[in-house]
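Trainee: Here it is: the structure, laid out below.
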Amino acid sequence: MTSVIRAFGSEVLKFRRWSVLAGTGAMVLVSTFIAYLTFHQIASGATGKEMTGLIEAFRTPQGLVAVIGQARSVIIAIALIMVAANLASEWTLGTLRNLLVLQPHRLRWLAGKMLALVLFVLLSMLLTLVVSGAFILILAPGQGIRTEAWTSADGLGIFVEFLGNEALCLVGISALGMLVAVLTRSVVTAVGVGLAYILVLEGIIAVVAPEVSQWFPGRVFNTIVGATVPMVGPTPLQGYPAALGAALLWIVGLVVVSAIVFPRQDVKA
Amino acid sequence: MNAIETHGLIKHFGKRTAVDGLTMSVPEGSITGFIGPNGAGKTTTLRLLLGLVRPDAGSATVLGHSLTEFERYLPRVGALVEAPAVYPGLSGRTNLEVLARLGGHPRSRVGEVLETVELSDRARDRAGTYSLGMKQRLGVAMALLPDPELLILDEPANGLDPLGIIGMRGMLRLLRGQGKTILLSSHLLGELEHVADWLVMLHEGKSVYCGTARELLSQRVELVIEPEDDLQRELVTRITNAAGHAVTTEEGALRIACPAGFDKALDRQARETGVTNLTIRVEQPSLEQLFLALVKGQRP
């Protein structure tokens, strides 16, 4: 356990790099901007078929989550990039050999590093939701929008539920990023393969064979959040409990495969 | 007592054999020069010893533990393998702190190793702004962090200026004086000649020499012959090649790295064919000349 804590502490020091902090900055800025655009459209009386659900939910306790949750794809993509690029960079930079000489128990090092990375991703997501949420709450009175429903006990409950499911979604995305990085061992390839899988491949399969794709990792991680507030993502066709179970199984599977592959790899970087 | 021993170590990467039945030893408390041309298998051997790659066959012990128990000996080993790997966005000090935290070493150790490699004044600058020589010194500092019993350094003098190389030489001698074992891979054979007391020469994944540097240097000489005509040149080349030694030509002179005593055999055979005026100068060969002779198939 001490080795894992040391690996965690060592990883935390690396978060001082601007490239890591830039990920959080991009997540906060882009998500807040998307939330603002969504809010502005609704507040300025926009109509449209695709906006109907959002407009209906806007003045209910789900309103705030529905607006700030519009940037979830961005949060997922940036989280995947952050984890895959960070882990794969140890191969690309060659720093992995320094680390594994000092901590030869590879799984302990990977566990410490991933704990730190997942925590960082979750804190970045929390910061993003708090900043974009606060921004909308500040803007709303100026546009004559009442926010009592959003800040009511119901509204806060929905926010916490959304936060929990979003956290689980990002843990799953991080596990996927870890496996992609371990298999590809290159920043460019890891990011490319990770994004292509989540955004393109699963998207195509979802169109061609939605009943199959509903069980795919990217899909189940995404749909468990849509179960809380349908406007922020697709809802699980198989129902929330089944999607939640599948998400947990995928997380365990991705971690187990990484834990089998990584200790057996030759470090040639 | 040997700090490192390998027996028939083999490592393949696909169809390529990087290390081919390597048997070698590194005595405790020595500075061992690890020499070989590019692709000879030096770096792969170092990676095998550090548990970064797994051998396909053979065995080895490092600090008394089998290669398979690398978790037991690695805490007593410091290493710089290939080019120094750093996080360019972090300062030199933070780069070391990352490793110190991981290895459970006190923060004060970071300051000590920065002093040792004379990098304290630039420690707060981003490592990405460092020159190659400074990165190299940072890499050596990383290797020194655990205060290791065995130090494995791969081309530590790369990018260092002459003063830096002299400083590195002094540091290696100081570390040997403290009882540490140093395995030093380098292309700078002249530099190794200054510091190494044990040599392991590698060629195509095999060891072509493993023994004391003094023995190697004393066993062999370099003959310099300036032939008067093509006939003499041809004769010397023929006799030398028949004896299994290589001849190189430098500014008209023939140079032959060979065992001591071959000058007499050469002179006798030349006289037997009627050449009585052959002038043979016997010189002490450099490590580089010996290495070239060894990789061409000769044995001391």
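These protein sequences, in sequence, are chains A and B. Each residue of the first sequence is one higher than the last, beginning at 57 in my numbering. Each residue of the second sequence is one higher than the last, beginning at 76 in my numbering. C-beta: ideal position from N, C-alpha, C; glycine also.
Since residue 214 of chain B and residue 155 of chain B should fall inside the 8 Å C-beta cutoff, what is the C-beta to C-beta distance between them, to a whole number of angstroms?
Mentor: 4 Å
Trainee: Between residue 84 of chain A and the ligand SAH, is there a pair consisting of the residue's CB and a ligand heavy atom that are separated by less than 7 Å?
Mentor: With respect to small molecules bound, the structure shown includes none, and the ligand SAH cannot be examined in it.
Trainee: What are the start and end residues of the alpha helix (DSSP H) that includes residue 320 of chain B?
Mentor: Run containing residue 320 of chain B: none; DSSP gives neither H nor E here.
Trainee: Rounded to a whole number of angstroms, what is the C-alpha to C-alpha distance between residue 291 of chain A and residue 112 of chain A?
Mentor: 17 Å
Trainee: Which word fits residue 82 of chain B, buried or exposed, when buried means at least 16 other C-beta atoms lie within 10 angstroms of its C-beta?
Mentor: By the neighbour-count rule (16 or more Cβ atoms within 10 Å), residue 82 of chain B is not buried but exposed.
Trainee: Got a sec, what are the start and stop residues for the alpha helix (DSSP H) residue 272 of chain A sits in?
Mentor: Looking at the DSSP string, residue 272 of chain A is not in any alpha helix (DSSP H), and its letter there is neither H nor E.
Trainee: For chain A, check one thing: does any of its Cβ atoms lie closer than 8 Å to the Cβ of residue 248 of chain B?
Mentor: Closer than 8 Å: no.
Trainee: CA-CA distance, residue 231 of chain B and residue 210 of chain B?
Mentor: 10 Å
Trainee: Give a yes or no on whether 8 Å exceeds the smallest Cβ distance from residue 160 of chain A to chain B.
Mentor: Residue 160 of chain A counts as touching chain B.
Trainee: Can you tell me whether DSSP reads residue 221 of chain A as helix, strand or coil?
Mentor: helix
Trainee: Cβ closer than 9 Å: which chain B residues qualify as neighbours of residue 108 of chain A?
Mentor: For a Cβ distance threshold of 9 Å, nothing in chain B lies close to residue 108 of chain A: the least Cβ distance comes to about 46 Å.
Trainee: Note down, in chain order, every chain A residue with its Cβ under 7 Å from the Cβ of residue 169 of chain B.
Mentor: Correct list: 69, 72.
Trainee: Hey, would you say residue 168 of chain A sits closer than 8 Å to residue 60 of chain A, going by beta carbons?
Mentor: yes
Trainee: Find the nearest neighbour of residue 118 of chain B within the set B/259, B/347, B/190, judged by alpha-carbon distance.
Mentor: From the listed residues B/259, B/347, B/190, the smallest Cα separation to residue 118 of chain B is found for B/259.
Trainee: If you run the structure through DSSP and keep just helix, strand and coil, what is residue 232 of chain B?
Mentor: coil
Trainee: Looking at the unbroken beta strand (DSSP E) that takes in residue 108 of chain B, where does it start and where does it end?
Mentor: 106–110
Trainee: In or out: residue 216 of chain B buried (at least 16 other Cβ within 10 Å) or exposed?
Mentor: buried
Trainee: Under 8 Å between the Cβ atoms of residue 282 of chain A and residue 276 of chain A?
Mentor: no
Trainee: Per DSSP, what are the beta-bridge partners of residue 295 of chain B in this structure?
Mentor: For residue 295 of chain B, which the question treats as bridged, DSSP gives the partners B/334.
Trainee: Quick one: is residue 204 of chain B buried, meaning 16 or more other Cβ sit within 10 Å of its Cβ, or exposed?
Mentor: exposed
Trainee: What residues in the region 120–144 of chain A bring their beta carbon closer than 9 Å to a beta carbon of chain B?
Mentor: none
Trainee: Do residue 80 of chain B and residue 135 of chain B come within 8 Å of each other at the CB atom, strictly closer than that value?
Mentor: yes
Trainee: Would you mind telling me which residues of chain A sit closer than 7 Å to residue 212 of chain B, beta carbon to beta carbon, in chain order?
Mentor: Counting only Cβ-Cβ distances below 7 Å, residue 212 of chain B has no contacts in chain A at all, with the closest Cβ about 15 Å away.
Trainee: The beta strand (DSSP E) spanning residue 210 of chain B covers which residue range?
Mentor: No beta strand (DSSP E) contains residue 210 of chain B, which is instead part of the alpha helix (DSSP H) from 207–219.
Trainee: Would you say residue 97 of chain B reaches chain A, if we count a Cβ-Cβ gap shorter than 8 Å as a contact?
Mentor: no
Trainee: How many angstroms separate the CA atom of residue 294 of chain A from the CA atom of residue 90 of chain A?
Mentor: So the two alpha carbons sit approximately 29 Å from each other.
Trainee: Pop quiz: residue 272 of chain B and residue 166 of chain B are said to be a contact at Cβ under 8 Å. What is the actual Cβ separation, rounded to whole angstroms?
Mentor: Between residue 166 of chain B and residue 272 of chain B the Cβ distance is about 37 Å, and since that is not below 8 Å, they are no contact.
Trainee: Could you check whether the Cβ of residue 125 of chain B sits closer than 8 Å to any Cβ belonging to chain A?
Mentor: Taking Cβ atoms only, chain A reaches closer than 8 Å to residue 125 of chain B, which makes this a yes.
Trainee: Between the alpha carbons of residue 148 of chain A and residue 156 of chain A, how many angstroms are there, rounded?
Mentor: 15 Å
Trainee: Hey, is residue 176 of chain B's beta-carbon within less than 8 Å of any beta-carbon in chain A?
Mentor: yes
Trainee: In this structure, does DSSP put residue 373 of chain B in helix, strand or coil?
Mentor: Its pLDDT being 49, under 50, residue 373 of chain B is placed unreliably by the model, and nothing is read from it.
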